[in-house]
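The next block holds one structure in the form of structure tokens; read it before the comments.
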Amino acid sequence: FEAHPSEGQKQTSLYFKIAVFRWVSTAVIFQIITPFTRSLMDEGGLITQVYALFFADIVTTNALQLADVMGHLKRHILAPRAATQDAMNLNFQGTEYELAERYTDMTKILFLCLWYCSIYPGSFFLCSFSLGIKYFVDRFCLMRSWKKAPQLGAKISLFSRRYFFTMAIGVMAIISSYYWSGFPFDNLCPNDSINSTYEGSFTIFPLDQGNDGTGINVTFTPSDVDYRFCNQNFMEPGSGFTFPFVPTSTSENTNPLEWMTDDQITTTTYFGWAALGIAGVVVLRFFYGWFGMFMSLFKSSYSAVGDDQNIPFSKVASRSAYIPQVASPLFAYPLVACNTDKIDEELYDWEDSDRDYRYYDLSKDAKKLLSGLNVEEPPGFSVVRHYPPPSEN
């Protein structure tokens, strides 16, 4: 339901929507559903789940992409049994893909790495390995199994570099300072002395067995240490959110000085305020970019790139021009949304060996449909003209 003036802006809009969904469902949601005290546990802990995400992204996703089940089905089963040449060509087009989806697939795994890198440093190695595998898998699919995509500019890469990577650095700094402040993730603080009520020998029964199970004999002496509950989670729901994550940020239910060691107090103090500074720089960077975009509405910002090589466009062997086209699932080649009479055929980036370009000219079809109205040039089509150099006339 969205109208975009170009394919590049459409892909940029799609990139933003998919990226937000994937970042939340991959990194943020696991942070929310995993109990705070399970952050460092081996079984069912946060690190175990993050590793499972990396493993699935490296193995399962790439294996399914390489398998290309539907592509092989169309090429080897449906195409030889097609009734017409056009129907067979449609089965050989390849699997359709979106450039925005491929960008978000890479930024998703990078965002996951930066979110959990402070408690799982191995994520850097898994992330680099995953991106390396994706590069070779995507290159293979791009050359062998994917459908040819429209020609796009650099809008997605500029948008990703301007917003995603900048924001990812800020998120990494903030979340890392949060995890450093939460060590040891057990919500326990030692008391000064053991309660005299617990001194002596006792028999403890596991909760799932009751008094009928096998008990465990334990003995507590005055030299032992007992613990009390203390909230170590700065983002605990219902206890008040405190930011930055530094020892001096206390609330009604959180007092970092109760569980932090002296070294942890020093480290988190510097780290927390540095994370706040980085977040501030990120916000200022966004506002500076938006201000530049606003000012570009009133003054030109064009600057030439490169030098004139004295090679005319008409002499470039691989030249092609922007010609409005519409993709259709019923045709193996795109439909041309303009009059093709005055366009050099060498300016197209595709060629049908069986038909000329007039066959795909939508303006010809519109002219036939409007023949009863005596319309010379059907409205609504782009105007494209080719003016060759005088030597080629």
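With our numbering, letter number 240 in the sequence shown gets 249, and the count goes up by one each step, no holes.
Positions of the beta carbon are idealized from the N, C-alpha and C atoms, including for glycine.
query = Counting pairs of Cβ atoms below 8 Å between the stretch 167-184 and the stretch 198-215, do you hit three or more?
reply = With a cut-off of 8 Å, the stretch 198-215 and the stretch 167-184 do not count as touching, because too few Cβ pairs lie within range.
task = In the DSSP assignment, find the unbroken alpha helix (DSSP H) run with T278 in it and report its ends.
result = Start and end: D271 to M304.
key: Euclidean distance between Cα positions of Y60 and I274   = For the pair Y60 and I274, the Cα-to-Cα distance works out to about 29 Å.
message = Please return the same chain residues whose Cβ sits closer than 6 Å to the Cβ of F254, not counting the five positions on each side in sequence.
response = Beyond the five residues adjoining it in sequence on each side, F254 comes within less than 6 Å, by CB distance, of S186, Y187, S190, F243 and G281 in the same chain, given in chain order.
task = Please confirm if the stretch 127-146 is in contact with the stretch 51-71, defined as three or more CB-CB distances below 8 Å between the two stretches.
result = Because the criterion of three Cβ pairs below 8 Å is met, the stretch 127-146 and the stretch 51-71 touch.
ask   = What are the residues that DSSP puts in a beta bridge with S391?
value = Per DSSP, C347.
inquiry  = In the DSSP output, which residue or residues are listed as bridge partners for I213?
reply    = Looking at the DSSP output, I213 sits in a beta bridge with I225.
inquiry  = With a threshold of 8 Å, are at least 3 pairs of Cβ atoms found where one atom belongs to the stretch 342-358 and the other to the stretch 291-309?
reply    = Not touching, per the Cβ criterion.
inquiry  = By alpha-carbon positions, which one of E386, R294 and A341 ends up nearest to A88?
reply    = If you compare the alpha carbons of E386, R294 and A341 with that of A88, the shortest gap goes to A341.
inquiry  = For the stretch 287-297 against the stretch 229-243, do three or more pairs of beta-carbon atoms, one drawn from each stretch, fall closer than 8 Å, so that the two count as touching?
reply    = In short, these stretches do not touch, since the Cβ pair count stays below three.
task = Have a look at F120 and A36 and give me their C-alpha separation to the nearest angstrom.
result = One C-alpha to the other measures close to 7 Å.
ask   = If you drop the 5 nearest sequence neighbours on each side, which residues of the same chain put their C-beta closer than 6 Å to that of G17?
value = Exclusion of the five residues before and after G17 leaves L161, G162 and K164 as the residues of its chain whose Cβ lies within less than 6 Å of its Cβ.
inquiry  = Could you tell me the alpha carbon to alpha carbon distance between G403 and C239, rounded to whole angstroms?
reply    = Coverage of the chain is limited to positions 10 through 402, which leaves residue 403 absent and any answer about it impossible.
inquiry  = Whole angstroms are fine: how far does the CA of W268 sit from the CA of R31?
reply    = In this structure, the straight-line span from the alpha carbon of R31 to that of W268 is close to 35 Å.
inquiry  = If I measure Cβ to Cβ from E105 and keep anything under 7 Å in the same chain, skipping five residues before and after, which residues do I get?
reply    = K156, listed in sequence order.
inquiry  = For N71 and L151, I'd like the C-alpha separation in whole angstroms.
reply    = Each residue's alpha carbon lies about 14 Å from the other.
ask   = Between the C-alpha atoms of M304 and N348, what's the straight-line distance to the nearest angstrom?
value = C-alpha separation (whole angstroms): 38 Å.
query = Cα separation between K26 and F211?
reply = Those two C-alpha atoms are separated by around 59 Å.
ask   = What is the C-beta distance between K117 and N100, in whole angstroms, given that I count them as a contact (C-beta under 8 Å)?
value = So it is not a contact: roughly 31 Å between Cβ atoms.
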